[in-house]
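As structure tokens, the structure follows; a few thoughts come after it.
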Amino acid sequence: MANKTTKTAGTNKSFIDRMGGQKFIVFLIVIAMFIFFCAMSPGFRKYTTFVSILDYSYYIALMAIGVAFPLMTGGVDLSIGTGLICYSLVGGYLIVHQGWPTAAGMLVSILMGVAIGVLNGVLVAIMDLPAFLATLCTSMIARGIGTIVVGGFGIPWPVAGSPEGWFRNIFKIKTDGMNIPIGFLWIILLVILMTFVLNHTRIGRYTLAIGSNKEATRLSGVNVKFYHIMAYVICGFFAGLAAISYSAIFATVQPGSGAGFELEAIGGAIIGGVSMTGGVGSITGTLAGVFVICLLKTGLPFIGLTANWQQIITGFVLIAAVLIDIFKRKKEAA
């Protein structure tokens, strides 16, 4: 009888649930949005627009993959936006003004991201500060450090074609005058890697466990503080990678910018199914959510709407995503 009941419950799952629930819906939304913008604007159908969408997606996707981990613990990291700019400014300064090799500047950017991630983790997991407050403070610290290092001036990383400009080819190469956005392949590989980490390693399983029930996880013998810190370290590491991708795509990095980048990354993760209350998340869903953000950012100007409309529409999409998460949790608890 029990087997029969189990079988019946499994077959009663909806098609959407079997395909991955919210993830599947978001993928459909991405496809629908792409078709809509293509139908509404001939300019959107150009190859250069497709490349622009991917250019925007790299740094947002990298931040979103990273910030998904603090979100899944029930926390957040608001330092990744201004942090990205800080790491890029410092790395670029060392390359351009101090004569460091590009590889060394890139490594410094990543290590700075990891260092801020450790600091965030210690403040949240050990000092027990609210994640919102702790990461808001480190966001301000990162912005100040970046501005002081460069003296308030923008930093242009080495240009493509120069001896030290090879790093730009990691994300985009030119062949016969055409830009080929190979960076998307790296994003896909990282999504696969972090999906494995989330679903098949202790770091991933305990990250979800902390978000589901931190005290129960601690009582089961898990070193909660260590794995809580690691969630922020992963976030900082990906913010460092995002700094490199941002430097590779844009000609100059300006101090004082970056505010709001974290909201796009967090928004992508939430739209993709990462729960604001923790314990639930998907890296593939996060990538799909990022493309919702990027399509809005790139597509709306083609139909005559300004960037302000992108913020308004993104806000409503986020509200819908949060309401769906609340509804799902209430349904599961019933």
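Going by full-length UniProt numbering, the residue at position 82 of the sequence shown is 82; the numbering climbs one at a time, nothing skipped. We put the beta carbon where it would ideally sit given N, CA and C, even for glycine. Computed from a predicted model, the values in this text were never measured in an experiment.
Query	Result
Three-pair Cβ contact test at 8 angstroms for the segment 108 to 128 versus the segment 230 to 243	yes
As assigned by DSSP and simplified to three states, the class of P156	strand
Touch test, the segment 44 to 54 against the segment 176 to 192, Cβ-Cβ under 8 angstroms, three pairs minimum	yes
Residues bridged to V253 (per DSSP)	I155
Residue environment, K331, which counts as buried when at least 16 other CB atoms sit within 10 Å	exposed
Pairwise C-alpha distance: I65 and T286	7 angstroms
Same chain only: Cβ atoms within 7 angstroms of T147, ignoring 5 sequence neighbours per side	P255, G256
Burial state of R202, where buried means 16 or more other Cβ atoms lie within 10 Å	exposed
Buried versus exposed, by CB contacts within 10 Å (16 or more), W157	buried
Alpha helix (DSSP H) runs contained entirely in the segment 41 to 119, provided each spans 4 or more residues	47 to 72, 80 to 96
Residue of T306, F37, V67 minimising C-alpha distance to I270	V67
Nearest-angstrom beta carbon gap, V149 and Y93 [assumed within contact, 8 angstroms]	5 angstroms
Distance CB(F24)-CB(L295) smaller than 8 angstroms	no
Closest by C-alpha distance to A115, when choosing among G272, F237, A242, A248	F237
Three-state secondary structure assigned by DSSP to K174	strand
Three or more C-beta pairs below 8 angstroms linking the segment 102 to 109 and the segment 238 to 254	yes
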